[in-house]
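Encoded as structure tokens, the structure appears first; notes follow it.
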């Protein structure tokens, strides 16, 4: 796995801007003023330990949670009041934590669900081919029920399904969770490839080393706040990050 | 709504499967069943089965179960008060057509006199029940799982009570009677003799039989189309994983609302016909037990599978309306045959009709324990058990997939 992203990519202007977001679970103040900005064609990673608010941040962006304060903007448009199912249409697709594939639908039907918002049959067929080229394993399992897939295959399906929505911004929540190192590599190679095709990626990871190896920039979260942000290379060298997340003494 | 999502190559369609032996067998089975059902009234006359009057409500109840299957089977919403919509449909139709209704003194002679027509009232019943579904659904469908079930349970209790207490409109516990009859070629259903083209015919209840049959067939057709539509796939997604469905761009609330409303509208048509067939409706026909029996039919046969639901309905209804009564009769006869007065009395005290709810309850407990997916499960719901029951929905190679074997990539084409 190469350490630096390809130089062929041109990082564009800010596409996703999260400003001072506060999100609550009931009385629990989960996000305490989170600000993130993501530029076009970037890979940005959110790092942090359990309960730091990484997934909550993604859910706030994708509309599954509403911030009590602060704004989420996509290409300058405020989207924090747009319902989740509409946000997908605006171009943010998520591969949720725990994958959430439709267990009783086949792999192919899951992919078709991913294209639910698109009616142009031909383009959907092209997208499907692309996803299947990206994850050849899925092609072998097209008619198998998603619930019977292995964890890695479900992760591939979740990402592939999100790609069927033609996202401008792809949110990935813990893509390496519970996977073997081998499968993790496959998934992360695919993420790089997706990014090279022009999709902006925000990836939440516990495996900091892995995430930093593909990311352009990273944010480190602690108890609902961003405590550190820098380029991926700098973060990988950062003393605190090395101690806390890379398991070095 | 009919956007076809069967676009991607290799995606298996629900309807058109390439011919295989099992498919052919199913087709033959279906054709035989169809021919039997169409010819039934004449067979009944010919052989003196005297079950026509049981068959009509039976088919109506099955249609009702098919409607509930949209809500419970497709969208995965537990509805414990489905009889309420049935009641709303029946009362809506009676409200327009019954001479007992307050409208009866207003409508005749007015520009709205056409509303007293049975066919018009049936359409009204469908619309009113559909709207009632939407009205109940709008505030409650944000609830998930058990909470929704509780609300529907409450709704199922409220509607019969409302009907009892809104006496000026519904005639309270006495019920409404008579109710406008359906008609065709100037001939009223269930009124003999009936004159068509100068011929005097004694048709009895046969026209009702065909009316229910046609409505049932239309329902099946409509439900299959719905299941395969974009909306049907949205239901499947919501049922499997609501959060993920939202992530696909599916609006969970409107999708569920459609399920509730469309499900209710089927009960509207059924209610209208049922009222006209019985010529009287009263609140006690729409109590909680009706909802439960219909739900029982759906679960017994196989939630989410049309053919399963029909089979479940057939089993429960034929028990309820034919076998329970006849079996009781046979037992009484057997008791009389012994000649011993105490045995005769003991046998005579046996009455299956009184314990029908007990029997249904037992059936449900047994099914839940032995075969929770129903007799003919939905293909999407069969995850573990494998049977070689003929099921229209399952292609043989899919059966292999369910068993967990490795699957060939795509169908050769």
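Protein chains in written order, with the numbering used here: chain A, 442 to 690; chain B, 74 to 486.
Using N, Cα and C, we set each Cβ at its ideal position, and we do this for glycine too.
Predicted model, so just to flag it, every value in this text is computed and none were measured.
Closer than 9 Å to chain B by CB, residue i
| i | result |
| --- | --- |
| residue 609 of chain A | no |
| residue 525 of chain A | yes |
| residue 708 of chain A | Since the first and last residues shown for chain A are 442 and 690, residue 708 of chain A lies out of range. |
| residue 535 of chain A | yes |
| residue 546 of chain A | yes |
| residue 618 of chain A | no |
| residue 602 of chain A | yes |
| residue 615 of chain A | no |
| residue 594 of chain A | no |
| residue 481 of chain A | no |
| residue 632 of chain A | no |
| residue 680 of chain A | no |
| residue 675 of chain A | no |
| residue 670 of chain A | no |
Where residue i meets chain B, residues with beta-carbon distance less than 7 Å
| i | result |
| --- | --- |
| residue 644 of chain A | Near residue 644 of chain A there are no residues of chain B at all, since even the closest Cβ is about 16 Å away, more than 7 Å. |
| residue 554 of chain A | 306, 310 and 321 |
Interface flag, residue i vs chain A, CB-CB below 9 Å
| i | result |
| --- | --- |
| residue 319 of chain B | yes |
| residue 459 of chain B | Note on residue 459 of chain B: pLDDT 33, under 50, position unreliable in the model; the coordinate value appears next. It does not; no Cβ of chain A falls within 9 Å. |
| residue 309 of chain B | yes |
| residue 314 of chain B | yes |
| residue 325 of chain B | yes |
| residue 471 of chain B | Here the model assigns residue 471 of chain B a pLDDT of 35, short of 50, so the residue's position is not dependable, and the following value carries that caveat. It does; some Cβ of chain A falls within 9 Å. |
8 Å Cβ cut-off: residues of chain A touching residue i
| i | result |
| --- | --- |
| residue 322 of chain B | 526, 527, 529, 530, 557, 558 and 606 |
Within chain B, partners of residue i - CB distance below 8 Å
| i | result |
| --- | --- |
| residue 629 of chain A | Correct list: empty, because the minimum Cβ distance to chain B is about 21 Å. |
| residue 541 of chain A | 314, 316, 317 and 320 |
Proximal chain A residues relative to residue i, where beta-carbon distance stays under 9 Å
| i | result |
| --- | --- |
| residue 148 of chain B | Within chain A, no residue comes near residue 148 of chain B; the closest Cβ sits about 14 Å away, beyond 9 Å. |
Span of the alpha helix (DSSP H), counted from its first residue to its last, around residue i
| i | result |
| --- | --- |
| residue 134 of chain B | 125-142 |
| residue 37 of chain B | No answer is possible for residue 37 of chain B: it lies beyond the span of chain B, which begins at 74 and ends at 486. |
| residue 278 of chain B | It is not in any alpha helix (DSSP H) - residue 278 of chain B carries neither H nor E in the DSSP assignment. |
| residue 328 of chain B | 325-351 |
| residue 19 of chain B | Residue numbering for chain B in the displayed model covers 74 to 486; residue 19 of chain B lies beyond these limits and cannot be assessed. |
| residue 385 of chain B | 379-391 |
| residue 362 of chain B | 361-374 |
| residue 415 of chain A | For chain A, the structure presents residues 442 to 690; residue 415 of chain A sits outside this window and is missing. |
| residue 572 of chain A | 562-575 |
| residue 319 of chain B | 315-320 |
Boundaries (first-last residue) of the beta strand (DSSP E) holding residue i
| i | result |
| --- | --- |
| residue 460 of chain A | 455-466 |
| residue 480 of chain A | 469-480 |
| residue 692 of chain A | Any property of residue 692 of chain A remains undetermined from this structure, which presents chain A solely from 442 to 690. |
| residue 660 of chain A | 658-663 |
Any chain C beta carbon closer than 9 Å to residue i
| i | result |
| --- | --- |
| residue 458 of chain A | Although the question refers to chain C, the structure presented lacks it and instead comprises the protein chains A and B. |
Distance cut-off 8 Å: residue i Cβ against heavy atoms of the ligand NAP
| i | result |
| --- | --- |
| residue 458 of chain A | Ligands displayed in this structure: none; no statement on the ligand NAP is therefore possible. |
field: Contacting positions in the stretch 558-578 of chain A - beta carbon closer than 7 Å to chain B
entry: 558, 560, 562, 565, 566 and 569
task: Entirely within the stretch 490-555 of chain A and at least 3 residues each: give me those beta strand (DSSP E) ranges in chain order.
output: 508-515 and 533-536
- prompt: Given a limit of 9 Å on CB to CB distance, which residues of the stretch 503-523 of chain A reach chain B?
  reply: 503, 504 and 505
- prompt: In the stretch 578-649 of chain A, which residue ranges form an unbroken beta strand (DSSP E) of at least 3 residues, counting only runs that do not cross its ends?
  reply: 610-614 and 641-646
query: Listed from N- to C-terminal order along the chain, which residues in the stretch 296-308 of chain B have their beta-carbon within a distance smaller than 8 Å of any beta-carbon of chain A?
result: 303, 306 and 307
- prompt: Which residue spans inside the stretch 141-227 of chain B form an unbroken beta strand (DSSP E) run of at least 3?
  reply: Listed in chain order, the beta strand (DSSP E) elements of length 3 or more contained wholly in the stretch 141-227 of chain B amount to none.
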